[in-house]
Amino acid sequence: MKLEAIRTAIEHAISVALQQIEVPGISGAELNEIFDSKRLQAVAAQLENRKLAEARISAAVAFFLRVSNGDVLESIQCIEFEVKLNVDGNGSV
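In the working numbering, the protein residues as written are 22 to 114.
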């Protein structure tokens, strides 16, 4: 299983979740990076063996906090996400 395909699938899932944040004062959020390369390798092994994987992945997320009409503060936080992936019949994640 290619780690890049797994990383892309996880990044997409996290980005979709971040786009759905609706909290007063937060004008947006975006994924900065995924830290856990060892965890990605473990997910790849699970997908190879069982075609299904569950993992907790740590990622740096930038939150954009609206402090006034014209000013936004960026706050980067390390957040843990629970990710579930499966492999379809074509071998895609």
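Don't be surprised by glycine CBs; every beta carbon is placed ideally from N, CA and C.
Helix, strand or coil for Q41? Go by DSSP, reduced to three states.
coil
Give the DSSP bridge partners of Q98, in chain order.
V82
Taking the CB atoms as reference points, tell me whether A50 and L39 lie closer together than 8 Å.
yes
Pick out the complete beta strand (DSSP E) segments inside the region 25 to 71, 3 residues or longer, and give them in chain order.
47 to 55
Reduced DSSP category for N90 - H, G, I as helix; E, B as strand; rest coil
coil
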